[in-house]
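A short write-up of the structure that comes next.
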Amino acid sequence: MTPDTSRPEIRIEGLHKSFGDNEVLRGIDLEIGQGEVVCVIGPSGSGKSTLLRCVNLLEEPTGGKVFVGGTELTDPDVDIDAVRRRIGMVFQQFNLFPHLTVTENLTLPQRRVLKRDKAQAARVAAENLERVGLTEKADAYPASLSGGQQQRVAIARALSMGPEVMLFDEPTSALDPELVGDVLAVMRMLAREGMTMMVVTHEMSFAREVADRVVFMDGGVVVEEGTPDRVIGDPAHERTRHFLSRLLNPAMAQVEESAD
Ligand SMILES: Nc1ncnc2c1ncn2[C@@H]1O[C@H](COP(=O)(O)OP(=O)(O)O)[C@@H](O)[C@H]1O
Ligand SMILES: [Mg+2]
Numbered sequence: 002m003t004p005d006t007s008r009p010e011i012r013i014e015g016l017h018k019s020f021g022d023n024e025v026l027r028g029i030d031l032e033i034g035q036g037e038v039v040c041v042i043g044p045s046g047s048g049k050s051t052l053l054r055c056v057n058l059l060e061e062p063t064g065g066k067v068f069v070g071g072t073e074l075t076d077p078d079v080d081i082d083a084v085r086r087r088i089g090m091v092f093q094q095f096n097l098f099p100h101l102t103v104t105e106n107l108t109l110p111q112r113r114v115l116k117r118d119k120a121q122a123a124r125v126a127a128e129n130l131e132r133v134g135l136t137e138k139a140d141a142y143p144a145s146l147s148g149g150q151q152q153r154v155a156i157a158r159a160l161s162m163g164p165e166v167m168l169f170d171e172p173t174s175a176l177d178p179e180l181v182g183d184v185l186a187v188m189r190m191l192a193r194e195g196m197t198m199m200v201v202t203h204e205m206s207f208a209r210e211v212a213d214r215v216v217f218m219d220g221g222v223v224v225e226e227g228t229p230d231r232v233i234g235d236p237a238h239e240r241t242r243h244f245l246s247r248l249l250n251p252a253m254a255q256v257e258e259s260a261d
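Going from the sequence shown to this note's numbering is simple: count from 1 and add 1.
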């Protein structure tokens, strides 16, 4: 689906975030159109997670504005809970409740937050388990699932809340390599269906294939952004080149580090 970049679904203006005197985000401006998939890449500590967490107000920005679907999240009068419901978030750690079945993990937040009745919540849960290919695990407990299956359950849980936007923070980083593909396949499906997505990832082949745009962050600023072919294939900045060469060739990075 072609994204509609004329209508920004997420708009970030002059975003700053400090923890004490550590300024982690130093003025981020970013717009993400409806149905657009933006991959955020950058070295560890560059502020990628903080940026995502500011977009759903898990962190309170120190300065600047964030809009989702035209509503200003940073307006002090906004109903934060109402806005947050429109934003699904998937973390590196799946955060499923171990004592609840897969279905119960999906129905609980719908019932608590959206006040859906049991039957309706169960129906939505079943639909979303089917979308991520885990219908047969409906009554299983998380511990009996692989990491990849648990992450797909976490995605189905987020989707069950009916979000307009999905934020992913390194969703495959905790997975064994052979389980990464199934999670990326679900994310690819969401992208095709036209979900607006902001994805922090180190999976460059996924970014090249699925992203409409890649944003490279370093030191709390956006260093460059553009199409995946441009940013990953032909980076304009030395910092981007350095990051990509270390990522694509970790052995080289080790040689460099021992020479430092
Ligand atoms: N809750 C917090 N309290 C204090 N410092 C934090 C907190 N969260 C993140 N930081 C700091 O912000 C910086 C950026 O972190 P983060 O956004 O997690 O980077 P990335 O996701 O790119 O690795 C780091 O220096 C980190 O220590
Ligand atoms: Mg992070």
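C-beta atoms are modelled at their ideal positions from N, C-alpha and C, and glycine is treated no differently.
Worksheet item: Just curious, the beta strand (DSSP E) that Met-90 is in, first and last residue?
Response: 88-91
Worksheet item: According to the neighbour-count rule (16 or more other Cβ atoms, all chains shown, within 10 Å of its Cβ), is Gly-15 buried or exposed?
Response: exposed
Worksheet item: Just the Cα atoms here: how many angstroms apart are Leu-74 and Met-167?
Response: 16 Å
Item to complete: Below 8 Å CB to CB, which residues in the same chain sit around Leu-130 once its five sequence neighbours on both sides are set aside?
Response: Val-103, Thr-104, Leu-107, Thr-136, Lys-138, Ala-139, Val-154, Ala-157
Discussion item. Tell me the rounded alpha-carbon separation between Ala-123 and Leu-191.
Written reply: 21 Å
Worksheet item: Where does Thr-202 fall in DSSP's three states?
Response: coil
Worksheet entry | Start and end residues, beta strand (DSSP E) containing Asp-170 | 166-170
Fill in: C-alpha gap between Ser-50 and Cys-40, whole angstroms
12 Å
Worksheet item: For the beta strand (DSSP E) that contains Gly-64, what are its first and last residues?
Response: 64-69
Worksheet entry | Within 8 Å, strictly: CB atoms of Val-232 and Glu-239 | no
Worksheet entry | Contacting residues, own chain, Cβ-Cβ under 6 Å from Ala-141 (five flanking each side not counted) | Val-103
Discussion item. Going by DSSP in three states, Phe-217 sits in which element: helix, strand or coil?
Written reply: strand
Worksheet item: How about Val-232: is its Cβ closer than 7 Å to a heavy atom in ligand 1?
Response: no
Fill in: Presumed contact (8 Å Cβ cut-off) between Ile-11 and Val-79, rounded CB distance
That belief does not hold up - the Cβ atoms of Ile-11 and Val-79 are roughly 15 Å apart, past 8 Å.
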